[in-house]
Structures are given as structure tokens and as C-alpha cells.
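Peer 1:
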Amino acid sequence: MQSKTQSLNIFWAALLLLAVTGILPAQTPTPAEVPTTGQAAQSGGDKRGTSQSGVLTLEQSQTASNSELTPIYGLQGVLIETLDGKTVSAQAADQAFNPASSVKLATALVAIQTFGAQHRFATGLWTDGSFDKANGKILGNLYVTGRDPSFHYEHAVMVARQLNSLGIHTVTGDLVIAPGFTMNFNSSARRSGELLYDTLDATLRSGEATRSWTYERTALGDPSSLQTIPSVVVMGTVRVGSVMAAARLLLTHNSSKLTDVLKVLLCYSNNFMAERIGDSLGGTQSVRNHLIKTLAIPPGEIKLASLSGLGINRVTPRAMMRIFRELRKELRKNKLSPAEIMPVAGVDPGTLEDRFTGPVWQGSVIAKTGTLIRTDGGASSLVGQMRTAKGETLLFVIMNQRGNVVRFRENQDFLVMQVQNSRGGPQAFKYKPLALTMKLADTESVSGPSDSEFEPNMKIPTNSP
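Here the numbering used here is used: the first residue of the sequence shown is 4, the next is one more, and so on.
(1) Considering Cα atoms alone, identify which of Gln-94, Gly-88, Pro-102, Thr-213 is closest to Asp-379.
(2) Report the CB separation of Gln-430 from Ser-367 in whole angstroms; it is logged as a contact under 8 Å.
(3) For Ala-348, which residues in the same chain have their Cβ closer than 6 Å to its Cβ, ignoring the five residues on either side in sequence?
(4) Check whether the Cβ atoms of Ala-109 and Ile-326 sit closer than 9 Å, and answer yes or no.
(5) So, are the CB atoms of His-293 and Ala-125 less than 9 Å apart?
(6) Going by other Cβ atoms of all chains shown within 10 Å of its Cβ, with 16 needed for buried, is Tyr-200 buried or exposed?
(7) According to DSSP, simplified to helix, strand and coil, what is Val-363?
(8) Cutting at 8 Å between CB atoms, please list the residues of its own chain near Val-449, excluding the five before and the five after it.
(9) Along the chain, where does the alpha helix (DSSP H) containing Met-402 start, and where does it finish?
(10) Run through DSSP, which three-state label would Gln-98 get?
(11) Say the cut is 8 Å; is the CB of Gln-365 nearer than that to a heavy atom of the ligand ATP?
(12) Suppose contacts are defined by Cβ-Cβ distances below 9 Å. Is Leu-397 in contact with Val-81 by that definition?
(13) Between which two residues does the beta strand (DSSP E) harbouring Asn-257 extend?
(14) With H, G and I counted as helix, E and B as strand and the rest as coil, what does DSSP make of Ser-209?
(15) So, helix, strand or coil for Val-235, using DSSP?
(16) Take Pro-301 as the anchor and find which of Thr-287, Ala-322, Ser-195, Arg-335 has the nearest alpha-carbon.
(17) Could you have a look at Pro-429 and say whether DSSP puts it in helix, strand or coil?
(18) So Met-389 is in the beta strand (DSSP E); what residue range does that whole segment cover?
(19) Per DSSP, what kind of secondary structure is Lys-487 in: helix, strand or coil?
(20) Using beta-carbon positions only, say whether Glu-304 and Asp-445 come within less than 9 Å of one another.
(21) Alpha carbon to alpha carbon, how far is Glu-395 from Ala-249?
(22) Here's a check: name, in chain order, each residue in its chain whose Cβ is nearer than 8 Å to the Cβ of Lys-435, leaving out the five neighbours to either side.
(23) For the putative contact between Gly-196 and Val-241, defined by C-beta atoms under 8 Å, what is the C-beta separation to the nearest angstrom?
(24) Which stretch, first to last residue, makes up the beta strand (DSSP E) that contains Tyr-146?
(25) Mind checking who Trp-216 pairs with in its DSSP beta bridge?
(26) Measuring alpha carbon to alpha carbon, tell me which of Arg-426, Pro-341, Phe-411 ends up nearest Gln-79.
(27) Would you mind listing the beta strand (DSSP E) stretches within the region 126 to 204 that are 3+ residues and don't spill past its ends, in chain order?
(28) Report the CB separation of Val-179 from Tyr-146 in whole angstroms; it is logged as a contact under 8 Å.
(29) Write down the C-beta distance between Lys-371 and Leu-269 rounded to the nearest angstrom, noting that I regard them as a contact closer than 8 Å.
(30) Output yes or no for whether 9 Å exceeds the beta carbon distance between Ala-181 and Val-318.
(31) Expressed to the nearest angstrom, what Euclidean distance is found between the alpha-carbon atoms of Leu-443 and Met-186?
(32) For Val-419 and Arg-194, what's the separation of their Cα atoms in angstroms?
(33) Beta carbon of Thr-206, beta carbon of Ala-163: below 9 Å?
(34) Whole angstroms are fine: how far does the CA of Asn-414 sit from the CA of Gly-57?
(35) Go to Gln-116, then tell me how far its alpha helix (DSSP H) extends in each direction, as first and last residue.
(36) Answer with buried or exposed for Ala-114, where buried requires no fewer than 16 other C-beta atoms within 10 angstroms of its C-beta.
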């Protein structure tokens with residue numbers, strides 16, 4: 004009897020999710036409105052303690068109104084709102100879930116608020132030696148500093164090109180890498196230094212590095228850069244160390260703007276880049292404190308173990324909605340839209356490339372995904388905005404855990420599509436896609452003294468309440 008009761012409860016909870024379609028009322032029904040055997044179904048709503056809910060797959064949804072449902076077991080939180088804050092649909096909106104990689108939206112928000120949307124990560128090239136201009140040699144060591152999370156092969160070749168433009172072709176000493184420097188998403192400063200050492204020297208440069216440089220220059224329509232082969236030979240070894248006090252700055256390589264870096268980070272959900280930026284912000288506790296203080300999020304509604312989404316994080320759908328709203332607000336201040344840092348479904352490469360791909364749905368959803376296959380029994384999320392045929396933009400947070408993440412994704416897509424259909428159908432956001440390679444190619448190089456910050460100043464007090 005107990006097993007039958009539980010199955011019926013899950014069945015009716017699944018039906019409640021169809022409220023967004025107009026088949027059932029949008030409000031969470033009272034127990035009297037949803038008859039069950041033994042007790043009322045737990046639909047979630049804004050209540051805490053919801054233990055289970057049925058979740059519909061796309062295939063099941065098509066015949067949900069006239070055939071038997073086979074719900075997917077798991078936990079679900081949903082919050083869908085209009086731009087002015089009116090609730091369209093809510094389920095367990097105040098219950099904490101694992102947001103997985105959608106927590107990167109919080110990292111992005113605090114990064115923009117801290118560094119500014121136009122911030123560029125600086126990589127400095129220094130020397131403690133003299134310059135033999137006649138022979139194109141630095142008689143001494145070459146030092147490299149900075150914490151650019153996006154520094155890659157093509158940027159290293161660009162550095163070689165810029166050093167060549169200064170007349171530098173050889174370094175007689177060592178290549179000394181500061182502890183914070185990383186390259187190719189490798190957290191080891193030494194390994195990053197070895198990659199840089201080889202990439203600077205055309206005779207040691209890998210085929211992958213050459214292809215990255217060629218692809219970037221071609222995508223930018225800059226064939227003239229490929230007429231010469233940039234190369235700087237370092238005769239010494241690679242070591243990790245600090246810059247000598249007497250060293251002078253030769254060259255500053257500035258990354259693309261922060262918002263462009265974030266676009267790549269969020270489209271591909273790059274964990275390394277998120278953690279690197281998070282470190283520059285002071286780490287998880289500092290970011291959490293900042294969110295609690297500036298967004299007035301109750302401390303119990305957000306707990307962070309990482310800023311990439313790995314591990315056991317906890318955020319309520321309502322807190323995540325506040326984060327997304329604040330991110331939109333911050334972007335508007337900089338005359339930017341969410342599409343300029345977040346994936347556009349069915350258009351941009353990456354995590355949303357194969358979702359909402361139908362002709363009428365393509366480009367109608369801008370969102371950040373989250374996926375953890377094993378953690379919390381399987382966790383999946385989708386946070387962003389959708390557009391309807393009436394030109395209305397709706398904000399949404401959908402979080403699932405303890406179930407099959409593939410079916411969770413299908414359910415998330417179905418819920419979004421049903422909301423759009425209930426309001427006339429989908430409509431694409433205005434968006435002109437740009438190759439992501441070009442996003443990271445908008446770099447700047449400056450020779451001589453510079454006021455760039457090679458280690459970003461942390462504007463967030465690490466011990467704030």
C-alpha cells in the first residue's frame with residue numbers, strides 16, 4: 004500500500020509540472036485540489052523538505068494529457084519569472100540544490116563587479132640583463148609574470164612576434180616563470196613555462212601550437228602575420244621564480260576583455276578558467292561573502308565548495324535567480340546583453356550547441372548549463388532566459404539532482420519549450436554570433452613601462468560578513 008501511495012504521489016507531482024503549459028493552473032494546487040491515496044502529493048512550490056518529484060521527458064510530454072505517465076525520479080527546483088519579478092512557475096524555489104556549473108554565473112558576476120567588464124589580464128615580460136641590439140640578444144634572463152586564465156599557444160606566438168618587433172630574437176639566460184603564470188589551462192607553473200619555452204622557439208614549436216596560431220590569424224583575416232615565423236630562442240633552462248628587483252619591463256601582453264574571456268568560459272564551461280578567475284577574486288568564501296552582502300542572499304541559501312561548480316555546492320533556485328538578475332543588471336550598466344557572455348542555444352558552440360536546435364527554437368534561449376554525473380546522485384541545471392513570440396523575456400532557474408542527467412536535460416528543455424508555447428511560441432533573441440577564437444584574439448601588446456596589473460587587485464574584503 005505504501006509503495007502504491009508513493010507512486011501516485013510522484014505521478015501527481017509530475018502532473019503539476021504541466022501547470023506551465025496551461026493544461027493545469029499555474030499556481031501550486033492545495034492538497035484538496037490534487038487527490039492522492041493516503042496523503043497529498045508534494046509538489047514543491049516554495050516549500051522546504053520536498054523529497055521527490057516526477058519529471059517528464061520530451062517524449063512523455065507529447066502524450067501526457069491522454070496516456071499513462073512514467074515519471075523520472077529525482078529532486079527538482081524551478082523558478083520562472085517575468086522581467087518585473089512576477090512568478091510564472093515555482094517548485095521548491097527555497098530548497099537548496101547542487102547548481103553544478105551554473106555556479107559559474109556567480110563567478111562571472113563577481114568578476115565583472117570586481118575588475119570591470121573591460122578588464123584585461125596582463126602578462127609581463129621582464130629582463131634583468133642588457134640588450135645587444137646589433138645581435139638581437141638579451142644578455143640575461145627573461146621573466147614572465149601574470150595570471151591570465153586564457154593564455155594559450157597563439158598568445159605565446161604573438162609574444163614571440165612582439166619581442167621580435169623589439170629586435171629581440173635570443174635570450175642568453177633562463178626563462179623564469181612566476182608561480183602564478185599558467186598556459187593552455189595547465190595549473191602547473193613549471194609545465195606552463197615549458198610549453199611557453201617551446202612555443203617561443205620556432206624550432207621547438209609543436210604542430211598544435213602552429214595550427215592554433217594559423218587558425219587565429221586566418222579567422223581574423225590577418226594573412227600578413229603568417230608571412231613571417233615569429234621565434235625567440237632561450238638558451239638557458241626553465242625555472243619557476245620571482246622577478247629580480249632590478250628587472251625592467253620589456254613587454255606587456257594584455258588578454259581580450261574580461262567579457263570575451265567569460266564568453267568562452269561559459270560556452271565551454273571551462274572549469275580551469277573559472278577557478279583561476281575565482282582565485283583572483285579571493286576564493287570561494289570571499290565570493291560567497293560578496294554575494295550575501297551585495298545581493299542580500301540569506302547565508303543558508305548559498306554554500307560554495309568551488310567556483311567552477313565541481314564538488315558539493317548548494318544554492319536555492321531563488322538565490323540563483325537573484326544572481327542571474329544581478330548579472331543582467333551589471334551587463335546593462337556596460338551596455339551589454341547576456342548573449343555577449345553566455346551561450347545562445349543552438350547557435351554557439353559548447354554546452355548548448357545541441358539543445359533547442361529546431362528552426363523555431365534556435366536562438367530563443369540563452370542559458371548556462373550544469374552537469375555532475377556522479378555527485379549528489381547526478382545533478383543538472385539550466386539557468387538563463389527565454390524569449391517568446393510576443394517579444395517577452397522570461398527568466399528561469401531549473402535544478403535537478405539524484406537522477407539521470409540526460410533525462411533531466413530533456414525535462415529542462417521541455418519545461419522551457421512548454422512555457423514558450425503557452426505564450427505563443429518561441430522567438431530568437433537578436434544575436435550575431437562571432438567565432439569564439441576571435442573572442443580571445445582581441446589582445447593588446449605594449450612595450451616598455453605599463454600601468455597594467457599583473458596580479459589583479461582584490462577589491463573584495465576576504466573577511467567581510
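Here a beta-carbon is modelled for each residue, glycine too, at the ideal position from N, C-alpha and C.
Peer 2: Let me spell this out:
(1) Pro-102
(2) 6 Å
(3) Leu-355, Arg-358, Phe-359, Val-368
(4) yes
(5) no
(6) buried
(7) coil
(8) Leu-254, Thr-255, Asn-257, Ser-455
(9) First-last for Met-402: 396 to 404, but that is the beta strand (DSSP E), not the alpha helix (DSSP H).
(10) coil
(11) This structure simply doesn't include the ligand ATP, nor any ligand for that matter.
(12) no
(13) 251 to 260
(14) coil
(15) coil
(16) Ala-322
(17) strand
(18) 382 to 390
(19) Residue 487 is absent from the structure shown; the chain starts at 4 and stops at 468.
(20) no
(21) 60 Å
(22) none
(23) 4 Å
(24) 145 to 149
(25) Partner(s): none; Trp-216 has no beta bridge.
(26) Phe-411
(27) 133 to 135, 140 to 142, 145 to 149, 178 to 180
(28) 5 Å
(29) 6 Å
(30) no
(31) 14 Å
(32) 44 Å
(33) no
(34) With a pLDDT of 41 at Gly-57, under the threshold of 50, the modelled position of this residue cannot be trusted; read the value that follows with caution. Their backbone Cα atoms lie some 10 Å apart in a straight line.
(35) 107 to 118
(36) buried
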